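Everything below concerns the one structure shown next.
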Ligand SMILES: [Zn+2]
């Protein structure tokens, strides 16, 4: 089982992706650390990494996460 989430919006830190967690269907929040952006589930802590095109202009085109 896989899920594809496509978004046209620019990723912004702290933005919340509602009910998008593959593990628990909980809300996830975009966060950032030294390595770049990642998306962490607020409910279960599941982390996924979006594919980004550049580091300065970060756009989320598509990302997949395996079940
Ligand atoms: Zn979760």
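Residue numbers (the numbering used here): 85 to 151. Backbone N, C-alpha and C fix where the C-beta goes; we use that ideal spot for every residue, glycine too. Just so we're clear, the structure is a prediction, and the values are computed from it rather than from any experiment.
Taken from the Cβ of residue 107, at least one heavy atom of ligand 1 lies inside 7 Å. With respect to the 8 Å criterion, residue 111 and residue 102 are classified as neighbours on the basis of their beta carbons.
Residue 99 and residue 126 have their C-alpha atoms roughly 12 Å apart. A straight-line Cα-Cα distance of about 17 Å links residue 129 and residue 120. Ranked by Cα distance from residue 109, the options 124, 134 and 133 are led by 124.
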